[in-house]
Every structure is written in C-alpha cells, then in structure tokens.
Amino acid sequence: LCDMVVLRQALPPVSPAGQAVPLLHPHASKRRNRPFLPTSEMLDRVAGQDARTPRRAHPSSSASRRGFLLLAGLVVSITPLIAQAAPPKEDKEVSWGAFGPAVFPQPDRLVAVGDLHGDLEAARKVLRVAGVLHPSRDEWVGGKTVLVQVGDQLDRGDDELAIIALLHNLSMQAERAGGALHVMLGNHETMTAMDQMVYGTRGAFERFDLWEQECKPQFEGKGPVPNHDEHHCELYTGNLECGPDDATCQSNLGTRVPDWARARYLAVRKGGAVSRTVFRNERRSFLVVGDTLFVHGGALPEHVKDGARGLEQMNREVARWIAGEGAEPGWLNGENSPFWTRYYSQGVIGPKGQCKTLNAVFGKLPGVKRMVVGHTPQQMGCNEVCNGGVWRIDT
C-alpha cells in the first residue's frame with residue numbers, strides 16, 4: 021500500500037527526465053505479452069487445483085501485495101464539480117459509464133487507486149485510507165471526492181465478486197453524494213472476457229458458484245430474498261447461460277468447463293451476465309478528469325489521434341464487445357494496446373523517447389498534463405517519470 025501523497029498545486033519533479041529507471045519487476049525483461057492459452061489448457065490448469073487442499077492466504081496489503089496508489093487532492097481547483105450528473109442513457113438501460121463522456125472537469129479532490137486483483141481486504145483498506153469508505157461498513161463517506169480505479173479487479177485473488185459489488189454500490193452512493201467513483205477496465209477483464217481464466221483462483225470460482233446458488237431462486241421468484249451484503253445478489257440480473265448462437269460457450273460447457281467453474285465462466289466471459297451489465301455499462305477504457313488522463317496500461321499517439329471524441333468512441337467499442345454485442349476492436353490486444361502496453365512503465369524513460377511520445381499524446385488532449393497508469397508492478401513503489409507526466413501506481 022503506497023502512502024497517501026497530497027499534492028496541492030503543481031507536481032514537483034521527483035526525478036529528472038532521462039534518468040535510468042531500474043527494471044521494475046525481477047522478471048521484467050522476460051515479461052512479454054505471450055499468446056493466450058487455449059481454453060482447454062487454461063481450464064485444465066485451474067481444474068488441477070485440489071479443492072480439498074487449503075488455499076494459501078492471499079497476501080495482505082501490508083506485505084508485498086500488488087496494489088495501489090492514492091493521489092489525494094491531485095490538484096486543487098476552484099472549478100466546481102459537475103461530473104455527478106448522469107449523462108443521457110443510450111440503448112439497453114446504459115448508465116453513466118462507457119456510454120457517457122470520457123472527459124470530466126477538475127474536482128476539488130481526486131484520488132487514484134491501482135490494480136485490486138481480488139483482494140477485498142486491501143481494497144477496503146486503501147479506500148479507507150483515501151477517506152472515501154466508512155471505517156466499519158461499505159458506505160461512501162467521500163462526499164464530492166472523485167476516485168478512479170484504473171482496472172484489474174479480476175484474477176489473482178478470491179474476492180473478485182465482492183470487489184465488483186463493492187465498487188458498483190459505492191459508485192451509486194458517490195453519485196448521490198455529489199462525488200464520483202469511476203472504474204476502468206484492465207487487461208485482466210479483457211483477458212477473462214476472451215476465456216483466458218488461468219489467473220482465476222479456485223476460491224473465486226467457488227464464490228461465483230455460491231452466488232448463483234443463493235441468488236438464482238430469488239431472481240426466479242422461487243425463494244427468499246438473501247442478504248445482499250453477503251451474497252451480492254444486486255449483481256444477479258439474469259440467469260447464467262450461453263447465448264443461443266454462442267457455439268464456443270456451449271462447446272466448452274459440454275467438454276472443458278467443470279461444474280464448479282461454470283458460474284464464473286458464464287458471468288465474466290464476453291457476453292456473460294456480469295460482462296453485459298456491470299462491465300458494459302460502468303467501465304471505461306479511457307478517462308480524463310481535469311488535467312489527468314487515466315488508462316490501464318498507457319495511451320500512445322495512435323489512441324488519441326481523434327481527441328476526446330475518439331476516446332468516447334473507443335470506450336463504446338470495448339463496452340459493446342465485452343457485452344457480446346460487437347466485434348473485437350483491432351487495437352484491443354498486443355504490446356501497443358492501451359490495456360497491455362508497458363511503454364511508460366519499465367526500462368529507461370528519457371526525454372527523446374517516452375517523454376516525447378507522451379507530449380504528443382497530450383497535444384491531442386488540450387489541458388491534459390499527466391497520465392496515471394497501473395498494469396506494471398513497480399518494485400520501488402508509486403513513482404513518476406517525465407517530470408510528473410506519468411504516474412505509475414501498480415505496486
């Protein structure tokens with residue numbers, strides 16, 4: 021867990037541009053965007069976990085937990101916060117997420133939180149340190165604070181479903197309080213949508229299975245209303261099943277997906293019950309708040325060539341794809357994808373390389389002065405390069 025960094029005015033340079041940054045992961049030189057595992061191999065790996073073997077406890081945020089940065093009060097501005105009003109809805113009961121604007125005005129207080137990866141305890145802790153979560157219950161107390169979580173809620177930890185529910189509920193509470201909680205998509209959400217579930221833990225699969233068992237009877241009107249806080253039935257808005265024309269899904273259920281993996285598979289794959297509701301309606305791929313651009317891996321000039329309007333279009337392309345309503349965007353994957361790139365996050369960062377590219381990005385987004393990214397673990401902790409132009413917050 022990174023310490024809270026209070027930045028009241030301009031961001032002071034922490035390290036000079038051009039300084040050699042050490043490799044930020046012990047295996048960074050080997051960390052490539054390898055081809056996805058075939059679904060069969062992925063499920064074989066997950067199925068190889070013995071359900072009777074006690075699972076190792078997920079590292080807490082006080083240990084070397086991959087995690088979070090807080091930028092509290094990133095820039096103080098007298099610009100009134102007007103982002104709380106939901107934009108007009110667009111088809112299929114869309115909320116204010118991907119189908120709303122990509123650009124919001126500068127709030128008085130802005131907080132950024134990095135990758136969560138299924139660690140509910142650490143997620144609650146960082147939200148409380150940020151001053152937006154009640155000390156003893158899951159309730160927004162951040163007032164008009166604007167908080168951005170930069171993606172990767174899924175994988176590596178058991179509590180994915182609880183984190184999705186927590187962020188979903190807090191976002192609605194924040195809106196009513198005049199603040200905002202914006203949640204981004206990360207590469208682990210897009211991977212999972214493509215049936216790449218090798219990073220899902222056995223505990224996460226089991227929690228989705230219990231979710232279906234407890235919430236389906238209520239949804240069908242055949243059972244009592246369960247405790248929503250415990251079972252997250254507010255997220256259960258449709259039975260878990262393959263689409264009528266989804267031959268891949270139907271084939272996998274008949275061959276490679278065991279019963280205990282079925283519920284999660286049908287919830288968070290492309291077109292799944294959670295993907296076509298929460299992920300479609302409440303997740304963005306790009307977001308600008310005031311003078312700060314948020315994106316999971318990083319934005320390159322080709323991503324911003326059409327300015328803010330282009331970011332809105334890309335948000336909608338991904339939202340429709342993840343809901344099973346549209347084609348996969350050509351820029352979704354690969355080492356230059358905004359979900360996958362590590363261009364600004366490892367190796368030597370210099371004024372004639374990444375920082376020059378960064379300035380080209382900012383040139384297409386008037387008023388933007390910095391980018392906040394997650395995705396790549398930072399062994400040195402939260403840090404910035406390019407004289408505050410990029411903040412790397414996955415630790």
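For the sequence shown, the numbering used here gives the first residue as 21, with consecutive numbering after it.
Ideal Cβ placement from N, Cα and C applies to all residues, glycine included.
Quick test of the definition: if touching needs 3 or more C-beta pairs under 8 Å, does the region 177-197 touch the region 234-241? no
Candidates 231, 305, 370, of which the one nearest residue 255 by Cα: Indexing the sequence shown from 1 puts residue 255 at position 235. Residue 255 has its Cα closest to that of 231, out of 231, 305, 370.
At least 3 beta-carbon pairs within less than 8 Å: the region 352-359 vs the region 379-386: no
Taking 8 Å as the threshold (C-beta atoms), are residue 402 and residue 375 in contact? By 1-based counting over the sequence shown, the position of residue 375 is 355. By 1-based counting over the sequence shown, the position of residue 402 is 382. Result no, Cβ atoms of residue 375 and residue 402 do not sit closer than 8 Å.
Does the beta carbon of residue 342 sit closer than 8 Å to a beta carbon anywhere in chain B? Structure shown: chain B not included; a single protein chain is present.
DSSP on residue 328, reduced to helix/strand/coil? Within the sequence shown, numbered from 1, the residue matching residue 328 stands at position 308. It is helical.
With DSSP as the reference, identify every bridge partner of residue 403, one or two as the case may be. Translated into positions along the sequence shown, residue 403 becomes position 383. In the DSSP output, where bridge partners are listed per residue, residue 403 has 412.
Closest to residue 121 by C-alpha separation, out of 253, 221, 304, would be which residue? Position 101 of the sequence shown, counted from the start, is the residue given in the question as residue 121. Minimum Cα distance to residue 121 is reached at 304.
Report the option in 141, 170, 130, 386 whose CA atom is closest to the CA atom of residue 325. One-based indexing of the sequence shown puts residue 325 at position 305. Among 141, 170, 130, 386, the Cα nearest to that of residue 325 is on 386.
Counting Cβ pairs closer than 8 Å, one from the region 168-180 and one from the region 218-229, do we hit at least three? yes
Any idea what DSSP makes of residue 88, helix, strand or coil? Along the sequence shown, one-based indexing puts residue 88 at 68. Summary for residue 88: the model assigns pLDDT 37, below 50, so the residue's position carries little reliability, and this model does not support an answer.
Closest by CA to residue 408, which one among 312, 355, 338? Translated into the one-based positions of the sequence shown, residue 408 becomes position 388. Of the candidates 312, 355, 338, the one whose C-alpha sits nearest the C-alpha of residue 408 is 312.
Who does residue 306 pair with in a DSSP beta bridge? Locating residue 306 in the sequence shown gives position 286, where the first residue counts as 1. DSSP, once it has assigned bridges, lists 315 as partnering residue 306.
Kindly confirm or deny that the region 166-175 and the region 133-147 touch, where touching means at least three C-beta pairs closer than 8 Å. yes
Buried or exposed: which applies to residue 157, given that a residue is buried once 16 or more other Cβ atoms fall within 10 Å of its Cβ? Residue numbering aside, residue 157 sits at position 137 when the sequence shown is read from its first letter. The residue is exposed, with fewer than 16 neighbouring Cβ atoms inside 10 Å.
Count the CB pairs spanning the region 148-162 and the region 329-348 that are closer than 8 Å, and state whether there are at least three. no
Taking the alpha carbon of residue 398 as the reference point, which residue from 366, 260, 371 has its own alpha carbon closest? Here residue 398 refers to the residue found at position 378 of the sequence shown. If we check each option's Cα against that of residue 398, 366 comes out closest.
Can you list, in chain order, the residues of its chain whose CB lies under 7 Å from that of residue 117, leaving out five sequence neighbours each side? In the sequence shown, counting from the first residue as 1, residue 117 sits at position 97. Scanning its chain for C-beta atoms nearer than 7 Å, with the 5 sequence neighbours on each side dropped, one finds around residue 117 the residues 301, 302, 303, 304, in chain order.
Quick check on residue 271: buried or exposed, where buried means 16 or more other Cβ atoms within 10 Å of its Cβ? Taking the first residue of the sequence shown as position 1, residue 271 is located at position 251. With fewer than 16 other Cβ atoms within 10 Å, it is exposed.
Between which residues of its own chain and residue 391 is the CB-CB distance below 6 Å, once the five residues before and five after are set aside? Counting from 1 along the sequence shown, the entry for residue 391 is found at position 371. Taken in chain order, the residues that qualify are 313, 410.
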